[in-house]
Amino acid sequence: MSTKDVLIVNDSKLESIILKDLLMKLGMNGIISSEYSILTDLKKTDPVMVVVNYIMEDITGDQLIEEIKRRYPQMVCILASSSDLLKNQFKGFSIEEIMKIPIEQNKLKGIIEKYISNKKNICCHCKKEIQEDFYICPYCGEKLKERA
Ligand SMILES: [Zn+2]
């Protein structure tokens, strides 16, 4: 897994680019995805975090996050919205954070530090937690991707 990849799902191209740019300034690699390609992109990229916009063309962000969490329960999912949303509006599954956009660089930095520094080292093949920085996963024997 790359510890720098963050998938961005927002049907506003401008908002996606702004977030990607902000992530880059914080040393992260923002990858612009979409509500239609996110599940495919998740398979290809194995990011540390997904930022999903609330109101989109065919789906709301919370529905999409629910879909992502069903497949990737460990994934850090951030719901982004330009309006004020409350975390307790979304019960039944976990959204790690609600992000009001546009977000200031310092606030985004806080979110990244909170989730990425705490993120456990998980094998990208068998999804088991690995204690140390192994080159080969002790559980499934697969070679682990190099970390950034
Ligand atoms: Zn493994």
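If you use our numbering, the sequence shown corresponds to residues 168 to 315, in order.
All C-beta atoms in this analysis are idealised placements derived from N, C-alpha and C, irrespective of residue type, glycine included.
On a predicted model such as this, the values are computed, not experimentally measured, just so you know.
With burial defined as no fewer than 16 other Cβ atoms inside 10 Å of the residue's Cβ, what is the status of E224: buried or exposed?
-> Within 10 angstroms of the beta-carbon of E224 lie fewer than 16 other beta-carbons, which makes it exposed.
Classify L206 as helix, strand or coil using the three-state DSSP reduction.
-> Annotated three-state conformation of L206 is helix, per DSSP.
Beta-bridge partners of S332, as assigned by DSSP = Missing from the structure shown is residue 332; the chain here goes from 168 to 315 and no further.
Which residues in the same chain have their Cβ closer than 6 Å to the Cβ of K276, if we skip the five residues on either side of it in sequence?
-> The beta carbon of K276 is closer than 6 Å to those of L193 in its chain, skipping five residues each way along the sequence.
So I184 is in the alpha helix (DSSP H); what residue range does that whole segment cover?
-> Run containing I184: 180-192, per the alpha helix (DSSP H) assignment.
Secondary structure of D229, DSSP reduced to three states | DSSP, read as helix, strand or coil, puts D229 in helix.
Any residue whose CB is nearer than 6 Å to a heavy atom belonging to ligand 1, listed in chain order = That query returns the following residues: C290, H292, C293, K295, C304, Y306, C307, E309.
Can you give me the Cβ contacts of I279 inside the same chain, cut-off strictly under 7 Å, excluding the 5 residues immediately before and after it?
-> Hits under 7 Å: L193, M195.
Limits of the beta strand (DSSP E) - the one that K267 falls within = Note, K267: beta strand (DSSP E), 264-267.
Output the distance between the C-alpha atoms of S230 and K236, rounded to the nearest integer angstrom.
-> Strictly speaking, residue 230 in this sequence is Gln, with Ser absent from that position. About 10 Å.
Nearest to G259 by alpha carbon, out of E234, I283, Y302, L190?
-> Just measuring C-alpha positions, the residue of E234, I283, Y302, L190 sitting nearest G259 is E234.
By DSSP, does I279 sit in helix, in strand, or in coil?
-> Helix, per DSSP.
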